[in-house]
Amino acid sequence: MHALDILGDPVRRRILELLADGESSAGELGHVIQAEFGISQPAVSQHLRVLREAGFATVHPEGTRRVYALDPAPLAAADEWFDAFRRFWMPRLDALGTELARGRRQRRVAAEAEDTDTDNEEN
Numbered sequence: 012m013h014a015l016d017i018l019g020d021p022v023r024r025r026i027l028e029l030l031a032d033g034e035s036s037a038g039e040l041g042h043v044i045q046a047e048f049g050i051s052q053p054a055v056s057q058h059l060r061v062l063r064e065a066g067f068a069t070v071h072p073e074g075t076r077r078v079y080a081l082d083p084a085p086l087a088a089a090d091e092w093f094d095a096f097r098r099f100w101m102p103r104l105d106a107l108g109t110e111l112a113r114g115r116r117q118r119r120v121a122a123e124a125e126d127t128d129t130d131n132e133e134n
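Quick look at the structure:
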């Protein structure tokens with residue numbers, strides 16, 4: 012299964028987001044996913060199995076619990092696939108970054124001018 016097939020499912024993406032914050036037990040993941048998506052525990056287990064078999068997650072026993080962790084290698088493969096397409100959005104993202112910086116600078120300059128005006132009025 013291609014990495015993007017795995018990432019295309021919102022439940023699996025959410026599980027990966029949770030695992031990006033650190034290891035988590037199957038039960039902990041199940042509680043969050045069941046609450047957010049309204050799916051059964053067996054459905055959550057199925058998604059965990061898909062992630063494990065595709066190499067996105069690793070699992071190890073810890074007492075009676077099964078603890079899952081993120082394996083970033085398949086994410087790197089997905090990132091490599093996107094390389095061919097970055098040229099379409101990177102210039103726009105760069106331009107957005109420039110505009111955001113310009114807006115922050117304008118707000119800072121305006122705030123400094125306002126502070127100067129307030130200081131002058133007090134004197």
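My numbering puts the first residue of the sequence shown at 12, with every later residue one more than the last. Ideal placement from N, C-alpha and C gives every residue a C-beta, glycine not left out. Treat the numbers as computed from the prediction; the structure is a model and nothing was measured.
Beta carbon of residue i, beta carbon of residue j: below 8 Å?
i           : j          : result
residue 11  : residue 68 : Coverage of the chain is limited to positions 12 through 134, which leaves residue 11 absent and any answer about it impossible.
residue 107 : residue 79 : no
residue 82  : residue 66 : yes
residue 63  : residue 70 : yes
residue 44  : residue 26 : yes
In this structure, does DSSP put residue i in helix, strand or coil?
i           : result
residue 91  : helix
residue 123 : helix
residue 21  : helix
residue 102 : helix
residue 109 : helix
residue 75  : coil
residue 46  : helix
residue 84  : helix
residue 68  : strand
residue 56  : helix
On the premise that residue j lies in contact with residue i, defined as a C-beta separation below 8 Å, what is that separation, rounded to the nearest angstrom?
i          : j          : result
residue 14 : residue 85 : 5 Å
residue 61 : residue 23 : 7 Å
What's the call for residue i, buried or exposed, on a 16-neighbour Cβ count within 10 Å?
i          : result
residue 41 : buried
residue 35 : buried
Residue i bridges to which residues according to DSSP?
i          : result
residue 36 : 78
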